[in-house]
Amino acid sequence: MSEPTTGEILLYTAPGGNVQVNCLFQGETLWLSLNQIAELFGKDKSTISRHLKNIFDSGELDKSAVVAKNATTAADGKTYQVEYYNLDAIISVGYRVNSTRATQFRIWS
Numbered sequence: 001m002s003e004p005t006t007g008e009i010l011l012y013t014a015p016g017g018n019v020q021v022n023c024l025f026q027g028e029t030l031w032l033s034l035n036q037i038a039e040l041f042g043k044d045k046s047t048i049s050r051h052l053k054n055i056f057d058s059g060e061l062d063k064s065a066v067v068a069k070n071a072t073t074a075a076d077g078k079t080y081q082v083e084y085y086n087l088d089a090i091i092s093v094g095y096r097v098n099s100t101r102a103t104q105f106r107i108w109s
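Residue numbers for the sequence shown follow the UniProt record's numbering, so the first one is 1 and each next one is one higher.
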């Protein structure tokens, strides 16, 4: 995913319409940044980061297989390398997070 993004952008809307997340669909999978996963599940970034660390540390998923870096231009005009997580990682986090949104996502997925 280090090449310029050419994937399709999808919009996930939670039941009730209280959260919308723009999702990148590329290479036959969905990709979200840490910020987007936190927004999706209604949790703090530190919570999502902790779950991802535990997922990788336990060997549940191989980080190199589910994480890709992509250049993103921020509001300040600078370009940053942002880690994006594929659907396997998103689902794994979704099964660890305790929130209504996570439950809705598990049903959807």
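The beta-carbon is built from N, C-alpha and C at its ideal position, and this holds for glycine as well.
- Put simply, the backbone Cα of LEU87 is about 6 angstroms away from that of THR29.
- Just so you know, the alpha carbons of CYS23 and TRP31 end up roughly 6 angstroms apart.
- Contact annotation: TYR80 and THR72 have beta-carbon atoms nearer than 8 angstroms.
- By the neighbour-count criterion, in which a residue is buried when 16 or more other Cβ atoms sit within 10 angstroms of its Cβ, ASN54 is exposed.
- Taken through DSSP and simplified to helix, strand or coil, ASN54 comes out as helix.
- By the CB criterion at 8 angstroms, VAL82 and ASN70 fall inside the cutoff.
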